[in-house]
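Peer 1: Below are the structure tokens for one structure; questions will follow.
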């Protein structure tokens with residue numbers, strides 16, 4: 534579905550994502566998003582949470598959630614995830 538919403542940019546450079554979009558993508562203040570520039574467009578993509586990926590890799594090694602979360606966020610920052 535193609536939707537267009539107009540938003541205001543604050544003096545701090547912030548925008549508010551309309552509630553319909555936040556609900557559609559389950560965005561709240563704890564979620565993160567990736568912002569990228571493609572040509573003359575700005576694309577905002579919701580980041581997946583590490584717990585959404587649980588079970589896709591098989592291992593016998595137990596890693597504390599906090600340590601796994603930190604490693605995941607560092608990989609995101611490096612553009613690896």
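Residue numbers (the numbering used here): 534 to 614. No residue lacks a Cβ here, since even glycine has one placed at the ideal position from N, Cα and C.
#1: Which residues in the same chain have their Cβ closer than 7 Å to the Cβ of residue 578, if we skip the five residues on either side of it in sequence?
#2: Looking only at its own chain, which residues have a Cβ that is under 8 Å from the Cβ of residue 549, when we skip the five neighbours before and after it?
#3: Rounded to whole angstroms, how far is the Cβ of residue 609 from the Cβ of residue 580, which I believe are closer than 8 Å?
#4: Opposite residue 613 in the DSSP bridges: which residues?
#5: I'd like the span of the beta strand (DSSP E) that includes residue 569, first residue to last.
#6: Can you find the residues in the same chain that come closer than 7 Å, C-beta to C-beta, to residue 558, ignoring five residues on each side of it along the sequence?
#7: With a cut-off of 8 Å on the beta carbons, I'd call residue 538 and residue 551 a contact; round off their distance for me.
Peer 2: A quick look at the data gives this:
#1: Locating residue 578 in the chain shown gives position 45, counting from the first residue. Cβ neighbours of residue 578 beyond the five flanking positions: 566, 567.
#2: The count along the chain shown starts at 1 and reaches residue 549 at position 16. Excluding sequence neighbours, residue 549 sits near 540, 541.
#3: Within the chain shown, numbered from 1, the residue matching residue 609 stands at position 76. Within the chain shown, numbered from 1, the residue matching residue 580 stands at position 47. The beta carbons of residue 609 and residue 580 sit about 6 Å from each other, so the pair counts as a contact at 8 Å.
#4: Taking the first residue of the chain shown as position 1, residue 613 is located at position 80. DSSP lists no beta-bridge partner residue for residue 613.
#5: Position 36 of the chain shown, counting from 1, holds the residue named residue 569. DSSP places residue 569 inside the beta strand (DSSP E), whose first and last residues are 566-571.
#6: Position 25 of the chain shown, counted from the start, is the residue given in the question as residue 558. For residue 558, where only same-chain residues beyond five positions count, the Cβ hits under 7 Å are 579.
#7: Within the chain shown, residue 538 is the residue found at index 5, counting from 1. Within the chain shown, residue 551 is the residue found at index 18, counting from 1. By a beta-carbon distance limit of 8 Å, residue 538 contacts residue 551. Their separation comes to about 5 Å.
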